[in-house]
Structures are given as C-alpha cells and as structure tokens.
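This report concerns only the one structure given below.
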Amino acid sequence: MTGIRASRGQSARPPDEVAPAQSADVAGQRGEAAASTSPGGTAARPPDDVAGPRPAGRGWDYAPAPESREIVTIAAEYGLFVDGTFSPAADGREFPTINPATEEPLARVALAGPADVDRAVAAARQAYEQVWGPMPGAERAKYLYRIARILQERAREFAVLESLDNGKPIRESRDVDVPLAAAHFFYYAGWADKLEYAGIGGASRAGVTGGDGGASRTGVTGGAGRGMAPRPLGVAGQVIPWNFPLLMAAWKLAPALATGNTCVLKPAETTPLTALLLAEVCQQAGLPPGVVNVLTGAGQTGSALVGHTGVNKIAFTGSTEVGKEISRAVAGTGKRLTLELGGKAANVVFDDAPVDQAVEGIVNGIFFNQGHVCCAGSRLLVQESVADIVVERLRERLATLRLGDPLDKNTDIGAINSREQLDKISALAAVGEAEGAQRWSPPCRLPERGYWFPPTVFTGVSQSYRIAREEIFGPVLSVLTFRTPEEAVTKANNTPYGLSAGVWTEKGSRILWMAQRLRAGVVWANTYNRFDPASPFGGYRESGFGREGGRHGLAAYLDA
Ligand code: NDP
Numbered sequence: 008m009t010g011i012r013a014s015r016g017q018s019a020r021p022p023d024e025v026a027p028a029q030s031a032d033v034a035g036q037r038g039e040a041a042a043s044t045s046p047g048g049t050a051a052r053p054p055d056d057v058a059g060p061r062p063a064g065r066g067w068d069y070a071p072a073p074e075s076r077e078i079v080t081i082a083a084e085y086g087l088f089v090d091g092t093f094s095p096a097a098d099g100r101e102f103p104t105i106n107p108a109t110e111e112p113l114a115r116v117a118l119a120g121p122a123d124v125d126r127a128v129a130a131a132r133q134a135y136e137q138v139w140g141p142m143p144g145a146e147r148a149k150y151l152y153r154i155a156r157i158l159q160e161r162a163r164e165f166a167v168l169e170s171l172d173n174g175k176p177i178r179e180s181r182d183v184d185v186p187l188a189a190a191h192f193f194y195y196a197g198w199a200d201k202l203e204y205a206g207i208g209g210a211s212r213a214g215v216t217g218g219d220g221g222a223s224r225t226g227v228t229g230g231a232g233r234g235m236a237p238r239p240l241g242v243a244g245q246v247i248p249w250n251f252p253l254l255m256a257a258w259k260l261a262p263a264l265a266t267g268n269t270c271v272l273k274p275a276e277t278t279p280l281t282a283l284l285l286a287e288v289c290q291q292a293g294l295p296p297g298v299v300n301v302l303t304g305a306g307q308t309g310s311a312l313v314g315h316t317g318v319n320k321i322a323f324t325g326s327t328e329v330g331k332e333i334s335r336a337v338a339g340t341g342k343r344l345t346l347e348l349g350g351k352a353a354n355v356v357f358d359d360a361p362v363d364q365a366v367e368g369i370v371n372g373i374f375f376n377q378g379h380v381c382c383a384g385s386r387l388l389v390q391e392s393v394a395d396i397v398v399e400r401l402r403e404r405l406a407t408l409r410l411g412d413p414l415d416k417n418t419d420i421g422a423i424n425s426r427e428q429l430d431k432i433s434a435l436a437a438v439g440e441a442e443g444a445q446r447w448s449p450p451c452r453l454p455e456r457g458y459w460f461p462p463t464v465f466t467g468v469s470q471s472y473r474i475a476r477e478e479i480f481g482p483v484l485s486v487l488t489f490r491t492p493e494e495a496v497t498k499a500n501n502t503p504y505g506l507s508a509g510v511w512t513e514k515g516s517r518i519l520w521m522a523q524r525l526r527a528g529v530v531w532a533n534t535y536n537r538f539d540p541a542s543p544f545g546g547y548r549e550s551g552f553g554r555e556g557g558r559h560g561l562a563a564y565l566d567a
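Add 7 to a position in the sequence shown, counting from 1, and you land on the number used in the working numbering.
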C-alpha cells in the first residue's frame, strides 16, 4: 500500500481521459441575465477585474483557465496510515472516492474496521507514552514547523487534490484551505514550548498576574492547576467532515500535537485524499511513527473510534445529529469531548450599511464553498427599508458568478460534494417553495455530469419555514426582513443553533450593541467568513461546545 504519490498497480485515469465539467457563466448569456434579473433594464455588473469593450449582441466570456491536475499523482489504491506506514485494512475492505464534478472514480481507499481502530489506537498510545508525551515542547514544535513548511512547499498539489476530491473551486482551495491549514501548524508550533504561559494552569509560575492569567475573562477554563504545567490528555480520536477536509484535519491535529497528544484521525468518507497526503507529509517531516494515524472509512469507523476505550479525548466536527449521538456514547466514560456542529447563521444588514459591500459579504457568507460551511450566513436579515435594493443588487451580483469546473481558476461555484448532499439540498429547496417562499436563481446551465446546484435565493421567507430553521448546507439563501434592531436580534437568535452571525452597519456602537445580544460564538462585523488560527471558533447550544483556534484551542487538549 502506498501514500498519495507512489501509485501501486493501475493508476487513476490520466487527466486527458477525463471530460471536465465546463465552466458555465451562471447567467448563461449575460444579456439574458440582465433582462431577467434587473427590472430597470440595467446590465449585470461585469466583474471589476475584466476590462475592455463587450462585443455587440452577446456577452463576452472568460477564456478557460484550468489548473493542471498533473501536479498530483493519484494512486489507484490507498491504505490506512497506522504507526508511520500505509497498509490495507485488516479485512481487506475498500471503498471508492470520486470526483463530484465529473463522477469520475479517483481511487479506492481502505475501509477501517474495529481491528484497524485497535491497531491505530495502540500505535498512538505507544507513541504517546514512549516518544511524544515525554518530548520537550521545543522539540515537538520543530516537527510542526516542518509540517507547515512542507504544506507550503506542496501547496499546489494539495489545492488540486482538494478540488478534485471535494468539488470546491481551486481559487478557494488554493487561497483559503491550504494556506490556512499551514497557518494552523505554524501558529500551534509557536505554542508548543509555551504551554505553561497560556493561562491554562501554570499561570502563576509564569508570572502572569491576575490569578488565572485572565482565563476567566476569556473563557479559557483553568486555575485548578495553577502553578503546575498543564499536561496532555493522551490519545485523541478526531472525526472530521467533508466540507474543508485538509483544513479540518489541520484544526484538529495542530493543537493536539502541540500540546503533546497523539492522534487517530478519521476523515469523511467522501473526501479522504488530502488527509492521506497529509499523512505522507508527516512521514516526510520525520514525525515519529504512531504520533499521527489516519483511518479512512465511513460512519461506522468513526463510531468505533469514538467508542474505543483506549481514547482519552474525542474531537468532532459535523452534523448536530451525529454530535448528539457521540455525546451519548461518550457520556460517563471520562473521555473529554469537544463538538463543532451545525449552524443557521443570521447575516444582518442595516439600512446604513454600504450596499455593495454588504452584497459582497452576503455572497461570501452563503456561496463560499457552495454553502457547505457550518458558519454560513444562510439567513439574510435585511432592514425592510433597504430590502428591495439589497435583493436587486444581490441578484445582479449572482448573475456574474461562474459555476463549473472546480479546477478552472475563474470558477466561483463548484460542485456539491455528493449525491446525498445534492438530494438533501434539492429536497429542502422544494420544501421552501411548497411553504410559500419565492425561489430565484440566475439563469444557469449546469454541467451534465456531476453534482450541481445553482445559487438560489428565497424571498418572502417566514421564520417558521423549514428553510429558515434547518441547516441546508448548500448554496441557498433565505431572506427575511426586520424593522428595528430589537427585532433583528430576536429573529437572529430564533434558532436552536449558535455558531456565528454577521452585522453590516456603519455605526460602531451598533456593532457592539448587536454583538452583546447575538447568541453566537463568532460575530463578524462588516465582513464574513474570516478565519485566523489565533482566533477561537466554536458554538453554543446545538452548534456544540469547546473552542478551536487560538489559545482557547489549547485548552481542549490539556489537563490543567
Ligand atoms: P456527519 O456528521 O454524518 O459526518 C461527519 C463525520 O462524522 C464524518 O467523518 C462521518 O463519517 C462521521 N460519522 C458519521 N456517523 C458517525 C457516528 N455515528 N459516529 C462517529 N462518526 C460518525 O455529516 P454528513 O457528512 O453526513 O452530513 C450531513 C449533514 O451534516 C449535512 O447536510 C450538514 O447539514 C451537516 N454537516 C455539518 C458540518 C459542520 O461543519 N457543521 C460538516 C458536515 C456536515 P462519513 O463521512 O464516513 O459518514
């Protein structure tokens, strides 16, 4: 069995045999879009970065700008990464992973069963006790820095592989997923030898004034172990979703490793390839065997990992439903748990907000990564007096987005990750129509093969509608209106979730007023979907508990 680059047996189909999905201007013919989306007859705005006259009679178009997929060699088969090497599953089972933009099979991947989970947890335990746990933080940091640098060196390879396996536009995997993943390793490498100064136990020894080093003010728990260096928990079982496969792996692995834990990571069934390439990077960085183990498989593999008695900590990102199941499985076992679950965020636009800027934020909030984002701004709350103009500008802007081949550098909207997810989005959108909301999408040619859903806006949405309450996890926006700031807060908080929110206004005082009242772990002001490794991220209520990122992210992996 092999890592990502070294192929065994027959390799995956070469690029020239693959019929890539064509980039399709979401507007179809731009003249057509202008007619249908702009009642006043104004043409859809051309993107700012393209100049020059438009040929009479038809809209100009971008030339295709595909990223070459030859940068990455995809093997025909991949093994499990356990104890520093790749090997088949104990019972030899495998499953396929496909390119959602073309339905082309990319590779076959080992499906880990209970015996493999046993083996991975045993390898992680041994590495924890004999190598990684006792290793000084400054030495652990060197490995993390090395992983971060290799991620940067191989960034294009990772970006192409992520877009192939996930369906997201290369522009996003190249500019967001991969750089942020490297940034997380850099950031947590910096903490590895400073854990006793992090305000999580050990604060007084470190000379931090204020008893708990300010921890109580910032939400980092601690104090009980004041004066003692915080200790790692042991073996961490980490289960991640398919929407940001590499980035979620980095969010989980970097803080766990920096704090001296060893890891068994279970990537999502539909997106295993970049986690396996990251495993190869661990080999390349000389990480001691067993410190990171990657078990590919389905929900049952995740369930076996969660239930394994040799695991000290479970970190999960995914659906609220599975999060609740994991909570029940872990209850009473003494395992530590953090859950980062779903959301139904409100993106609140006041009448004093600059409209064009707000429209960019709305588009970024819900159409980034096809809306497969737990913190997506899927409910637009817009002040009634500006609702018409905001919706009109939004439609004009959506008509300029390009949907299609994820490897084309011009593409804004890629493929839906799986048939199951496409069916779920389609079903909920149909419910929205049946409930009485008005559905709108720009004229849009969808590629014939693969899983696609056009950017969709529902207006006339009432708070009781399912499209206003349930996480759709797709490029679907529900528009609601409000008259007063109090009403905006009430409507924004009218959700069982509490992960994120956005506020658009020119008044700083209003931003602070709103931020104090919105029940969300993250509130973005005049921006949306901004992530930084130094900034904590996490939710309330059905969005889960625990924080990832920043100093707070260390606490999830330390016993203080
Ligand atoms: P899941 O929550 O089912 O999957 C997340 C991860 O958990 C995957 O690795 C999955 O494996 C694994 N898993 C599934 N069942 C179990 C279990 N019983 N015990 C342990 N691990 C398990 O998300 P889905 O991919 O099925 O997506 C369903 C919905 O969840 C989406 O439509 C969306 O609404 C929401 N979602 C939210 C995310 C978020 O970030 N908040 C991320 C992804 C989805 P496998 O992939 O093999 O099933």
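Ideal Cβ placement from N, Cα and C applies to all residues, glycine included. Here the structure is a predicted model, which means the values were calculated and not measured.
- The beta carbon of Y564 sits closer than 7 Å to those of P239, L240, A243, P262, A263, T266, N268 and K320, all from its chain and outside the five residues before and after it, given in chain order.
- A residue is called buried once 16 or more other Cβ atoms fall within 10 Å of its Cβ, and L519, having fewer, is exposed.
- Looking at the backbone, the Cα of A236 and that of A127 are separated by about 28 Å.
- Among the bridge pairs identified by DSSP, V389 is matched with V356 and T488.
- Taking the Cα of T463 as reference, the smallest distance to any Cα among E136, L405 and I157 is reached at L405.
- Between the alpha carbons of L525 and V380 lies a distance of about 19 Å.
- Non-local C-beta neighbours of H315 in its own chain, meaning closer than 6 Å and more than five positions away in sequence, comprise V124 and V128, ordered along the chain.
- Pairing I157 with V288 gives a Cβ-Cβ distance under 7 Å.
- Ranking P71, A117, G208 and A436 by CA distance to the CA of H559 puts G208 first.
- A residue is called buried once 16 or more other Cβ atoms fall within 10 Å of its Cβ, and I247 is buried on that count.
- Linking W258 to A155 through their CA atoms gives a straight-line distance of about 13 Å.
- Within the same chain, Cβ atoms closer than 6 Å to the Cβ of G378 are found at G481 and P482, the five residues on either side in sequence being excluded.
- In the three-state DSSP reduction, S507 falls in the strand class (E or B).
- Only residues of its own chain outside the window of five on either side were considered, and among them none has a CB closer than 6 Å to the CB of R517.
- Here D415 is buried: its Cβ has 16 or more other Cβ atoms, across all protein chains shown, within 10 Å.
- Distances taken from the Cβ of E276 to the heavy atoms of the ligand NDP include one shorter than 6 Å.
- Per the Cβ contact rule, the stretch 181 to 197 is not in contact with the stretch 88 to 102 (fewer than 3 Cβ pairs under 8 Å).
- DSSP assignment within the stretch 138 to 169 yields no whole beta strand (DSSP E) run of 3 residues or more.
- Of the candidates A145, V116, G174 and P143, the residue whose Cα lies closest to the Cα of R426 is G174.
- For I105, the enclosing beta strand (DSSP E) begins and ends at E101 to N106.
- Cβ contact annotation for Q159 (same chain, cutoff 7 Å, sequence separation greater than five): A189, in chain order.
- Inter-residue distance for Q470 and C382 is about 19 Å (C-alpha atoms, whole angstroms).
- CA-to-CA, the gap between G457 and A422 works out to about 7 Å.
- Non-local C-beta neighbours of V438 in its own chain, meaning closer than 7 Å and more than five positions away in sequence, comprise R473 and I474, ordered along the chain.
- Per the coordinates, the alpha-carbon of V271 lies some 50 Å from the alpha-carbon of R490.
- For T308, there is no enclosing beta strand (DSSP E); the enclosing alpha helix (DSSP H) has its first and last residue at G306 to G314.
- Going by C-alpha positions, V366 is about 12 Å away from V393.
- The beta-carbon distance between I78 and V167, rounded to whole angstroms, is 5 Å. This is short enough to meet the 8 Å contact definition.
- Your pair E440 and R446 checks out as a contact, with CB atoms roughly 5 Å apart and the cut at 8 Å.
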